[in-house]
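This report concerns only the one structure given below.
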Amino acid sequence: MSLIKMELEQNDKRFAQFDQHMKLSTQIDRQEGHSSQLEQPMRNNQQLEAALASANMKICQLETQLQQALESQQDTEMLTTPALDNSEVPATLHWALDSSASKHASRQAAAKVFTAPAEYDPPSFSDKNGNYAPIFKYVYLPDKYRYRLSTMRNKFHKLGVASSRILDIHYPAQGIVAVLIHIGYSLHDFNPLDPQHLRDSKLLETLTSDEERATKSKEIHQQ
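For the sequence shown, position 124 matches number 124 in full-length UniProt numbering, and the numbering has no gaps at all.
Next comes the structure, spelled out in structure tokens:
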């Protein structure tokens with residue numbers, strides 16, 4: 001009986017070991033399954049990282065090519081643009097040479113729509129004695145607020161001054177605006193306090209006497 005009992009106990013141990021072995025095998029199989037499932041996302045991530053690196057390299061190459069193309073275009077424009085000879089330009093026109101590129105562009109745009117006085121003689125850069133005679137002049141006006149150039153042009157338009165008669169507007173000093181016009185538009189005996197310059201119809205309806213209009217003209221001029 002003792003031998004049979006010992007044999008049964010050994011069989012129980014063998015079954016327990018076998019059962020434990022089967023459980024371990026099952027766990028190992030599961031782990032391997034999880035590992036195989038993780039390997040695919042890892043491979044996908046590696047492929048995405050490689051594609052991203054390739055795209056970044058391509059972007060860098062395109063940026064380099066674009067920069068080289070822009071530099072080449074600028075060099076070509078500089079070579080094809082004729083240089084200005086300052087010695088052949090009158091001293092009163094040196095403002096055009098010293099201006100920045102943005103100012104130069106705005107002045108070119110203004111020059112395209114500029115119209116000279118119809119009653120004025122054809123432009124000439126010299127008088128009868130052969131001396132240089134400018135056909136444009138700057139008129140300097142007080143301006144406390146330093147408006148934008150577009151706003152200033154609108155103000156001149158409201159005053160009845162056509163924008164096409166103004167070639168250039170800039171601020172040479174604080175509180176001063178300079179307006180470049182054709183000398184044919186210049187008035188030598190202009191009186192800014194003359195009530196006849198009041199053109200606001202609503203304002204004229206409220207100012208009935210000449211004294212009131214003169215006072216209002218002076219008030220507007222001092223603003």
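Beta carbons: idealized from backbone N, C-alpha and C, even for Gly.
For residue 193, the closest of 181, 19, 210, 26 by C-alpha to C-alpha distance is 210. Burial is judged here by how many other beta carbons sit within 10 angstroms of a residue's own beta carbon; residue 72 has fewer than 16 and is exposed.
Per the coordinates, the alpha-carbon of residue 220 lies some 23 Å from the alpha-carbon of residue 138. The continuous beta strand (DSSP E) containing residue 136 extends over residues 136-142.
The stretch 200-214 and the stretch 159-177 do not touch, with fewer than three beta-carbon pairs separated by less than 8 Å.
Beta-bridge annotation (DSSP): residue 180 is paired with 138, 168.
Within 10 angstroms of the beta-carbon of residue 213 lie 16 or more other beta-carbons, which makes it buried. In the structure shown, residue 50 adopts helical secondary structure according to DSSP, grouped into three states.
Separation of residue 179 and residue 141 (C-alpha to C-alpha, rounded to the nearest whole angstrom) is 8 Å.
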